[in-house]
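As numbered in the numbering used here, residues 11 to 75 make up the sequence shown, in order. For glycine and all other residues, C-beta sits at the position ideal for the given N, C-alpha and C. Remember, it's a predicted structure, so these values are computed and weren't measured experimentally. Take a look at the structure set out below.
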Amino acid sequence: ISEGPSSNMTLEEMEKRYIEDILKRTGWRIKGDGGAAHIIGMNPSTLYSRMKKLGISSQHENEGM
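Here it is as structure tokens:
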């Protein structure tokens, strides 16, 4: 296991950071081709559920639904 800034992060923290990074790269687009769910390989409703569990919210919550 490599040492580094993320070496003390929990799996949940790494997942949150990963999802937030993908959301930023997609302009917080969740559904459709090129959306975060498509890139991650996850159903959009599952991604919404993970975001809620991880405390990820967006200024764009009503977009892409």
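Residue 60: first and last residue of the uninterrupted alpha helix (DSSP H) it sits in: Sequence index remark: in the sequence shown, residue 60 carries index 50 (1-based). Segment 54-64, the alpha helix (DSSP H) holding residue 60.
Cβ-heavy atom distance, residue 28 to the ligand GDP, below 7 Å: In terms of ligand content, the structure shown is empty, and the ligand GDP therefore cannot be addressed.
Span separating the alpha-carbon of residue 39 from that of residue 29: Taking the first residue of the sequence shown as 1, we reach residue 39 at position 29. Taking the first residue of the sequence shown as 1, we reach residue 29 at position 19. When rounded, the distance between both Cα atoms is 12 Å.
Residue 27, DSSP secondary structure in three states: Here residue 27 refers to the residue found at position 17 of the sequence shown. Residue state, collapsed to three classes: helix.
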